[in-house]
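Below is one structure; the comments refer to it alone.
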Amino acid sequence: MTVNDPFVAIGSADKLRQKSARHHITLRNRTNTNRYHSLLLFSFPKVQKEAQSGVDLGINASQFYCMEAVCPHLGAPLENASIYDVEGEEEEDIEDAVIVCPWHEYDFSLSTGESSTGLKACVFAVEVRSDGQVWVQQPSNEGGWDVIEVRPVSEAQTQGREVHAKELHTAMQNVSLDHSADAPDAPLPDPEPLPKTLVEWAVLVLNTPEPREKVHYTRLAARAFRSGQCRIIGGGRRDSSENSTRWLRKESETPPAVPPRLSDAKVVRPGQEGRRGKGGSERSRIAMLHSLANIEQWAIDLAWDIIARAPELYAKAKEGNSPLPVQFFSDFVKVAEDEAKHFSLLQNRLHQMGARFGDLPVHHGLWDSATETMHSLDARLSIIHLVHEARGLDANPLTIKKFDNAGDKDSVEVLTIIHLDEVTHVSAGHRWLTYLCDETEQSPIEVFRKNVGRHFAGKLKGPFNANDRSKAGLTREWYEDLVGEKAGGPIGVARSEIPGG
Ligand code: FES
Numbered sequence: 008m009t010v011n012d013p014f015v016a017i018g019s020a021d022k023l024r025q026k027s028a029r030h031h032i033t034l035r036n037r038t039n040t041n042r043y044h045s046l047l048l049f050s051f052p053k054v055q056k057e058a059q060s061g062v063d064l065g066i067n068a069s070q071f072y073c074m075e076a077v078c079p080h081l082g083a084p085l086e087n088a089s090i091y092d093v094e095g096e097e098e099e100d101i102e103d104a105v106i107v108c109p110w111h112e113y114d115f116s117l118s119t120g121e122s123s124t125g126l127k128a129c130v131f132a133v134e135v136r137s138d139g140q141v142w143v144q145q146p147s148n149e150g151g152w153d154v155i156e157v158r159p160v161s162e163a164q165t166q167g168r169e170v171h172a173k174e175l176h177t178a179m180q181n182v183s184l185d186h187s188a189d190a191p192d193a194p195l196p197d198p199e200p201l202p203k204t205l206v207e208w209a210v211l212v213l214n215t216p217e218p219r220e221k222v223h224y225t226r227l228a229a230r231a232f233r234s235g236q237c238r239i240i241g242g243g244r245r246d247s248s249e250n251s252t253r254w255l256r257k258e259s260e261t262p263p264a265v266p267p268r269l270s271d272a273k274v275v276r277p278g279q280e281g282r283r284g285k286g287g288s289e290r291s292r293i294a295m296l297h298s299l300a301n302i303e304q305w306a307i308d309l310a311w312d313i314i315a316r317a318p319e320l321y322a323k324a325k326e327g328n329s330p331l332p333v334q335f336f337s338d339f340v341k342v343a344e345d346e347a348k349h350f351s352l353l354q355n356r357l358h359q360m361g362a363r364f365g366d367l368p369v370h371h372g373l374w375d376s377a378t379e380t381m382h383s384l385d386a387r388l389s390i391i392h393l394v395h396e397a398r399g400l401d402a403n404p405l406t407i408k409k410f411d412n413a414g415d416k417d418s419v420e421v422l423t424i425i426h427l428d429e430v431t432h433v434s435a436g437h438r439w440l441t442y443l444c445d446e447t448e449q450s451p452i453e454v455f456r457k458n459v460g461r462h463f464a465g466k467l468k469g470p471f472n473a474n475d476r477s478k479a480g481l482t483r484e485w486y487e488d489l490v491g492e493k494a495g496g497p498i499g500v501a502r503s504e505i506p507g508g
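When we follow my numbering, the leftmost residue of the sequence shown carries the number 8, and every step to the right adds one.
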């Protein structure tokens, strides 16, 4: 790569092709770190022929296409859109394909971005270079773009839809982590009636105390949102009567102050759960995994709570009528889905070790920070996503090391998956805090530091995982020498304070 290369390397063509037919890619600008771009990379099997004889050599190469990840019409996520081959089903090589947005069914050519509706989606050139790497054209020439995340799109989401046969062929070769996380219990029914807006889904999940049901509803909500079954965000509106500052919302879109928990849960104050040890014994590791499962359960609620409150909080911060981009909601639906996956992975691991979530006492400390920040979107993003989740990035490698030292490879695998996802969650917090600050012409670092000062108690303690924090957009000037001045003791309990001590 040269310094001025207008392309950015995404990864090995072979690995990308094996993992999934679609990848969601997040890029961040190196010069202006407030700028993000979300792209979709599609790969189709390509039959290679021997040059001279024209004999088929089989499906051993891929045709790649890259397109903006959101629909140019109203911003719907395109990652689970249907794809059709414009050349007809008999074609062996796909020369072009059309993606159909799940929300209002506008069609876009994957090679040109053109649509029969007259709109045009941004598409980006893709090269497979001699080193076997896939390179994608950068969104603009001003400075370089860094790859923040390359995420396979779950093939489970596209099943049952009209996808091209060749894409299904690739899909069948893939392994979905979501399936490995499923608990071996009986299937759960769908909610009755089905929520009509994304915020109604959020409130349903928040009001569901049973963890397995919470996970199930989270997955249903994500599917409904991405498939276009649920394409209204909801969340209420300003009262239009003169001089009114009221926000009007239906009861079905009103989030609870504190999400309920099962009545038989053994709840204690933070720090009173009993000794967990340092992970040397199985009993100690069960206690640590149990604590993490509790945090993940709250994290599902935190993701849905920001979705439920964001329409009102953004309208108040912006004092205008333009709503938040749909991409904000897509990002936090993805966070909620990840947290549900994490909870299931931990619950399954506990089962394998002969334990169950609910066997041990838990605390509700993380929700203290949600209560503290429920009136401000920038405060919520700062404290939950850029303090607590970022502190998780500091602690996770140490926790993983303890399990590794104990030879517990299965738990190491689960904790590693969780850690990699958490980097992208902090990145989502950074992306939307910087977006909000751009809109209100404020410095995101100053806003973050002010929020920590006001809503957090005590010093932000290191050692910091500067590498992963930086991947997520948090350079040192964000968090070094930062002291929260909130009175009344520590607010909330970070992931870093859970396992092992
Ligand atoms: S067609 Fe995609 S958002 Fe309307």
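Beta carbons: idealized from backbone N, C-alpha and C, even for Gly.
{"Query": "Does DSSP put I66 in a helix, a strand or coil?", "Result": "Note on I66: pLDDT 45, under 50, position unreliable in the model; the coordinate value appears next. Here I66 sits in strand by DSSP."}
{"Query": "With a threshold of 16 other CB atoms inside 10 Å of the CB of D12, please say whether the residue is buried or exposed.", "Result": "exposed"}
{"Query": "From the DSSP secondary-structure annotation, give me the bridge partner or partners of I32.", "Result": "L46, V157"}
{"Query": "So which residues touch the region around the ligand FES, with touch meaning a C-beta under 5 angstroms from any heavy atom?", "Result": "C78, H80, L81, A83, C108, W110, H111, Y113"}
{"Query": "Starting from the C-beta of G167, find all residues in its chain whose C-beta is less than 8 angstroms away, skip the five residues before and the five after it, and write them out in chain order.", "Result": "Below a pLDDT of 50, predicted positions are generally treated as unreliable, and G167, at 35, falls in that range; no measurement from the model is reported."}
{"Query": "Beta-carbon separation of F115 and A128 under 8 angstroms?", "Result": "yes"}
{"Query": "Could you check what DSSP says for D114 in three-state terms: helix, strand or coil?", "Result": "strand"}
{"Query": "Return the chain-ordered list of same chain residues with a C-beta closer than 6 angstroms to the C-beta of R256, the five sequence neighbours on each side being excluded.", "Result": "G243"}
{"Query": "The beta strand (DSSP E) spanning E487 covers which residue range?", "Result": "Counting along the chain, E487 falls outside any beta strand (DSSP E), and DSSP gives it neither H nor E."}
{"Query": "Once DSSP output is grouped into helix, strand and coil, what is the label at R168?", "Result": "In this predicted model, R168 has a pLDDT of only 36, less than 50, meaning its place in the structure is not dependable; the value taken from the coordinates is given anyway. In the structure shown, R168 sits in coil (DSSP, three-state: anything other than H, G, I, E or B)."}
{"Query": "Between the beta-carbon of L481 and the beta-carbon of V433, is there less than 8 angstroms?", "Result": "yes"}
{"Query": "Could you check which residue in M381, L46, R29 has the C-alpha nearest to that of Q144?", "Result": "L46"}
{"Query": "State buried or exposed for E396, treating a residue as buried only when at least 16 other CB atoms are found within 10 Å of its CB.", "Result": "buried"}
{"Query": "Could you give the DSSP three-state label for D21: helix, strand or coil?", "Result": "helix"}
{"Query": "Is DSSP giving P84 helix, strand or coil here?", "Result": "strand"}
{"Query": "Given that a residue counts as buried once 16 or more other Cβ atoms are within 10 Å of its Cβ, and exposed if not, what is N472?", "Result": "buried"}
{"Query": "Once the 5 residues before and after E492 are set aside, which same chain residues still bring their CB inside 6 angstroms of it?", "Result": "G460"}
{"Query": "Please classify Q359 as buried or exposed, where buried requires at least 16 neighbouring CB atoms within 10 angstroms.", "Result": "exposed"}
{"Query": "Whole angstroms is fine: what's the gap from A306's alpha carbon to T124's?", "Result": "40 angstroms"}
{"Query": "Within 10 angstroms of its Cβ, does G436 collect 16 or more other Cβ (buried), or is it exposed?", "Result": "buried"}
{"Query": "Find the nearest neighbour of R245 within the set D308, L393, L320, judged by alpha-carbon distance.", "Result": "L320"}
{"Query": "Could you please give me the residues that DSSP links to Q140 through a beta bridge?", "Result": "S19"}
{"Query": "Quick one: is H382 buried, meaning 16 or more other Cβ sit within 10 Å of its Cβ, or exposed?", "Result": "exposed"}
{"Query": "Cα separation between H297 and N250?", "Result": "50 angstroms"}
{"Query": "If you draw a straight line from the C-alpha of S288 to the C-alpha of D415, how long is it?", "Result": "10 angstroms"}
{"Query": "Could you tell me if I239 is buried or exposed, where buried requires 16 or more neighbouring beta carbons within 10 angstroms of its beta carbon?", "Result": "exposed"}
{"Query": "Which one or two residues does DSSP pair with Y91 in a beta bridge?", "Result": "V105"}
{"Query": "Where in the stretch 217–277 do unbroken runs of the alpha helix (DSSP H), each at least 4 residues long, occur, reported from the N-terminal end onward?", "Result": "218–234"}
{"Query": "Can you pull the DSSP bridge partners for A464?", "Result": "E492"}
{"Query": "For S122, count neighbouring C-beta atoms within 10 Å of its own C-beta (all shown protein chains included) and say buried if the count is 16 or more, exposed if not.", "Result": "buried"}
{"Query": "Within 10 Å of its beta-carbon, does K466 have 16 or more other beta-carbons around it, so buried, or fewer, so exposed?", "Result": "exposed"}
{"Query": "Identify every residue that forms a DSSP beta bridge with P52.", "Result": "S69"}
{"Query": "Taking C-beta to C-beta, are R233 and D153 nearer than 8 angstroms?", "Result": "no"}
{"Query": "Could you tell me the distance, in whole angstroms, from the CA atom of E207 to the CA atom of D345?", "Result": "20 angstroms"}
{"Query": "Can you give me the C-alpha to C-alpha distance between S270 and H392, rounded to a whole angstrom?", "Result": "29 angstroms"}
{"Query": "Can I302 and E156 be called in contact, C-beta distance under 8 angstroms?", "Result": "no"}
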